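One structure is given here, and the rest of the page talks about it.
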Amino acid sequence: MKKVSGFLILIAIGSLIGCYKETTFDVKPNIEFKTLKKEIRIDQFAGSKKDSVILTIKFQDGDGDLGLNEKEKAAAEVKNDYNYIIRIFRKKKGVFTEFIPSVPYSGYFPRLKTDGKVGPIEGTIDYSIDFPQPFTPVKDSLKFQVTIKDRAGNISNTAESSVIVLNEF
1 MKKVSGFLIL IAIGSLIGCY KETTFDVKPN IEFKTLKKEI RIDQFAGSKK
51 DSVILTIKFQ DGDGDLGLNE KEKAAAEVKN DYNYIIRIFR KKKGVFTEFI
101 PSVPYSGYFP RLKTDGKVGP IEGTIDYSID FPQPFTPVKD SLKFQVTIKD
151 RAGNISNTAE SSVIVLNEF
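Just so we're aligned, residue 1 is where the sequence shown starts under the numbering used here, counting upward by one.
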């Protein structure tokens, strides 16, 4: 009886292992918006209110080469070669038009896979942008378009947020 039980256990383990399928994604990153939220904070230097907008995207990447280490970031900063690219659209007279800020809101995110191994990766990235209320129009309606870039230069699809209203109070 022990031989039969052991044999059944081996068959069960073998069938479970045989059913495991390794996750694969395209080497070009794929993103989608997960959440867009706003928190009202006090600017520690000016003492005035600011809207802190947190963009959260879900991502998938087949080879896991997302993000930059400090040396890569320093080199990218020289060329303004962002790996988190944001376009902002402001609603004016019922129509959204692109708003080009004097200082870009695009930026950099750190390496997401630090073990050096090539392979699929998925998860979320939170990115925060501050909008000081004294410099933001009252009841300013914005939406965001985000793309990310991996270290190989592959650019993701574009994910668009819902509309958010700033400087409401």
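Every residue, glycine too, gets a C-beta built ideally from N, C-alpha and C.
Nothing here was measured: the structure is a model prediction, and the numbers come from that model.
Three-state secondary structure (DSSP) at residue i?
| i | result |
| --- | --- |
| K93 | coil |
| Q170 | The structure shown has nothing for residue 170, since the chain only spans 1 to 169. |
| V163 | coil |
| K99 | Just to set this straight, residue 99 is Phe in the shown sequence, not Lys. Reduced to three states, the DSSP call for F99 is strand. |
| K73 | helix |
| K3 | With a pLDDT of only 48 at K3, under 50, the local geometry of the prediction cannot be trusted, and no value is derived from it. |
| E39 | strand |
Between residue i and residue j, what straight-line distance do the alpha-carbon atoms span, to the nearest angstrom?
| i | j | result |
| --- | --- | --- |
| K28 | E70 | 23 angstroms |
| T97 | E160 | 14 angstroms |
| T35 | L55 | 6 angstroms |
| N80 | I155 | 15 angstroms |
| G123 | A75 | 26 angstroms |
| V118 | I129 | 31 angstroms |
| F173 | E77 | Residue 173 falls outside the range modelled here, since the chain spans only 1 to 169, and no answer is possible. |
Do residue i and residue j have their C-beta atoms closer together than 8 angstroms?
| i | j | result |
| --- | --- | --- |
| I125 | V53 | no |
| Y82 | S106 | yes |
| F99 | I88 | yes |
| G64 | T24 | no |
| K139 | S162 | no |
With distances taken Cα to Cα, identify the nearest neighbour of residue i among the options.
| i | options | result |
| --- | --- | --- |
| P110 | E39, G94, I148 | I148 |
| S48 | G107, Q133, N80, L36 | Q133 |
| Y84 | I100, T35, D150 | D150 |
| L166 | K58, D61, K50 | K50 |
| F169 | F33, D26, I40 | I40 |
| K37 | E72, T114, I57, T136 | I57 |
| L112 | I42, V95, F59, A46 | F59 |
| G116 | D130, A46, L68 | L68 |
Kindly give me the distance between the Cβ atoms of residue i and residue j, rounded to whole angstroms, as I take these residues to be in contact under 8 angstroms.
| i | j | result |
| --- | --- | --- |
| L66 | I31 | With a Cβ gap of about 10 angstroms, L66 and I31 do not count as contacting. |
| S141 | K91 | 4 angstroms |
| Y108 | K73 | 5 angstroms |
| T136 | Q145 | That pair is no contact at about 19 angstroms. |
Using beta carbons (cut-off 8 angstroms, strictly below), is residue i in contact with chain C?
| i | result |
| --- | --- |
| V95 | Of the protein chains in the structure, only one exists, and it is not chain C. |
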